[in-house]
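377 is the number that this note's numbering gives to position 189 of the sequence shown; each next residue is one higher, with no gaps.
One structure below.
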Amino acid sequence: MEPQRYRFLLLFLHILRAVTALEIISKPGDNVTLSCIYQGGKLHLESLRVYWQIADDQDQCPVVHALISGQDNESEQCIHFKNRTRLFWDRLEEGNFSLLLLNVSQSDEHMYKCVVLQKSEYTKMIHQANVALSLAASYSQPILRGPIRNNTEEEVTFSCRSDSGYPKPNVYWINKTDNSRLPSELEITHHADGTYSVFSTLKVKASPNMQIECSIENKILQENLSANYTQEKQSNDSSTESPENLEKKQRGAQAVGIISIVILIGVLVALTCWLRRQRRRSSKLVSYTDVQLDEDEGGLNTSV
Ligand SMILES: *[C@@H]1O[C@H](CO)[C@@H](O)[C@H](O)[C@H]1NC(C)=O
Ligand SMILES: *[C@@H]1O[C@H](CO)[C@@H](O)[C@H](O)[C@H]1NC(C)=O
Ligand SMILES: *[C@@H]1O[C@H](CO)[C@@H](O)[C@H](O)[C@H]1NC(C)=O
Ligand SMILES: *[C@@H]1O[C@H](CO)[C@@H](O)[C@H](O)[C@H]1NC(C)=O
Numbered sequence: 189m190e191p192q193r194y195r196f197l198l199l200f201l202h203i204l205r206a207v208t209a210l211e212i213i214s215k216p217g218d219n220v221t222l223s224c225i226y227q228g229g230k231l232h233l234e235s236l237r238v239y240w241q242i243a244d245d246q247d248q249c250p251v252v253h254a255l256i257s258g259q260d261n262e263s264e265q266c267i268h269f270k271n272r273t274r275l276f277w278d279r280l281e282e283g284n285f286s287l288l289l290l291n292v293s294q295s296d297e298h299m300y301k302c303v304v305l306q307k308s309e310y311t312k313m314i315h316q317a318n319v320a321l322s323l324a325a326s327y328s329q330p331i332l333r334g335p336i337r338n339n340t341e342e343e344v345t346f347s348c349r350s351d352s353g354y355p356k357p358n359v360y361w362i363n364k365t366d367n368s369r370l371p372s373e374l375e376i377t378h379h380a381d382g383t384y385s386v387f388s389t390l391k392v393k394a395s396p397n398m399q400i401e402c403s404i405e406n407k408i409l410q411e412n413l414s415a416n417y418t419q420e421k422q423s424n425d426s427s428t429e430s431p432e433n434l435e436k437k438q439r440g441a442q443a444v445g446i447i448s449i450v451i452l453i454g455v456l457v458a459l460t461c462w463l464r465r466q467r468r469r470s471s472k473l474v475s476y477t478d479v480q481l482d483e484d485e486g487g488l489n490t491s492v
């Protein structure tokens, strides 16, 4: 093969490798395994040099882990990775050079390269692998609060919070009646464990039938979590009751009261009239019997 073509082929292979790099997504604080497996048969560890390196940052100290002549070589390891890396010793001879990286954090987000060199008469590279490490953690279900009525203006405030996610999210407020985005304010808190909390506030003009959504987007995980507020018809009615309406209602109640009192008086008057009439009739009866009784008594008296 001509040298020119050969070089082109190498370049092509290089690009292909970079493109086909394994991607690992991990949570901050977790331990991850960066995979590097050679499948060309048994190996003598004494003749090998294995380097795990950072491949995408020229400024950073590159050596993550070095295995030289069958031993970990700490003198070449960068301080950032001290005590945080392990090879799988029982699998090295099978060609498994995967690396366990402990307690990953934001500063570990890199493209890593595993290079396996074999020394015989001369040193040659027998294997190479690329692993891209990204950090991500799902946000908690957002909690939406509001509306809180602002006293001075016809404006209400909503708030939305979500916790323990990574990386920093996008926060959207959406007016669901026309699917428009609403401008808001965002507060981001970075925690010791590497995760973020977000607290966003929205101020909008109060309007009937408000439908508001707060959405938290995690770009790495392609995740959108949302919480909704829908104004209820019932609460809307009672809140918009005008003073005139209230007055009308009060007057109505008064009228009903007056009418029922008039009816009650009428009933009472009719009842007393009827009672009087009854009494008059019975008093006649009484006087009549009295007379008769007197007569009887008198009769008796006279007879005794
Ligand atoms: C580490 O490698 C250096 C050279 O790169 C060598 O001088 C040193 O002896 C090695 N240390 C161990 C513990 O193998
Ligand atoms: C690594 O661990 C050793 C012993 O456990 C300790 O002496 C050393 O300070 C540690 N190094 C770092 C950079 O943490
Ligand atoms: C993990 O790393 C963070 C810094 O990135 C450090 O604050 C924390 O103490 C480490 N945790 C452990 C268990 O080593
Ligand atoms: C999340 O929601 C926003 C707003 O609706 C949208 O622009 C974005 O594309 C969504 N992202 C995903 C991953 O679904």
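Ideal Cβ placement from N, Cα and C applies to all residues, glycine included.
By the 10 Å Cβ neighbour count, where 16 or more other Cβ atoms means buried, how is residue i classified, buried or exposed?
i, result
"Asp-482", "Below a pLDDT of 50, predicted positions are generally treated as unreliable, and Asp-482, at 45, falls in that range; the measurement from the model is reported next regardless. Answer is exposed; the Cβ neighbour count stays below 16."
"Asp-218", "exposed"
"Asn-406", "buried"
"Leu-434", "Here Leu-434 scores only 46 on pLDDT, less than 50, and its place in the model should not be relied on; the value that follows carries that caveat. The residue is exposed, with fewer than 16 neighbouring Cβ atoms inside 10 Å."
"Arg-349", "buried"
"Tyr-300", "buried"
"Gln-265", "buried"
"Ile-376", "exposed"
Pick out whichever of the options has its Cα sitting closest to the Cα of residue i.
i, options, result
"Leu-231", "Asp-366, Tyr-417 and Ser-257", "Ser-257"
"Ser-385", "Pro-330, Asn-397 and Ser-395", "Pro-330"
"Ser-347", "Asn-412, Ile-336 and Thr-340", "Ile-336"
"Cys-302", "His-253, Thr-340, Ser-395 and Trp-277", "His-253"
"Arg-279", "Ser-308, Glu-342, Asn-271 and Gly-229", "Gly-229"
"Glu-341", "Ile-267, His-378, Lys-391 and Trp-361", "Lys-391"
"Lys-356", "Leu-374, Thr-365 and Asn-363", "Leu-374"
"Glu-262", "His-379, Trp-240 and Lys-307", "Trp-240"
"Gln-294", "Ser-214, Pro-396 and Asn-339", "Ser-214"
"Asp-260", "Pro-250, Ser-448 and Trp-277", "Trp-277"
"Thr-365", "Asp-351, Asn-416, Ala-458 and Phe-387", "Asn-416"
What do you reckon, are the CB atoms on residue i and residue j nearer than 8 Å?
i, j, result
"Leu-323", "Glu-297", "yes"
"Gln-334", "Tyr-354", "Correcting the residue identity first, residue 334 is Gly in this sequence and not Gln. Cβ distance not < 8 Å, so Gly-334 and Tyr-354 don't count as in contact."
"Ile-212", "Ala-320", "yes"
"Cys-224", "Leu-287", "yes"
"Val-304", "Leu-236", "yes"
"Val-344", "Ala-394", "yes"
"Asn-363", "Ile-404", "no"
"Ser-328", "Glu-411", "no"
"Leu-290", "Arg-272", "yes"
Is there at least one Cβ from chain B nearer than 8 Å to residue i's Cβ?
i, result
"Glu-234", "No chain B is part of this structure, which consists of one protein chain only."
May I ask whether a heavy atom of ligand 5 can be found less than 7 Å away from the beta carbon of residue i?
i, result
"Glu-281", "Summarising the ligand content, the structure contains ligand 1, ligand 2, ligand 3 and ligand 4 and does not contain ligand 5."
Practice problem: Pair every Cβ in the region 361-374 with every Cβ in the region 311-319, then say whether three or more of these pairs are closer than 8 Å. | Solution: no
At 3 residues or longer, and completely inside the region 272-317: list those beta strand (DSSP E) runs for me, N to C.
273-275, 287-289 and 299-307
Curious, which full-length beta strand (DSSP E) runs of at least 3 residues does the region 309-361 contain? 311-323, 331-338 and 343-353
Inside the region 231-265 only - beta strand (DSSP E) runs reaching at least 3 residues
236-242 and 251-256
Q: Could you tell me which uninterrupted alpha helix (DSSP H) segments, each at least 4 residues in length, are contained entirely in the region 372-421, listed from first to last along the chain?
A: none
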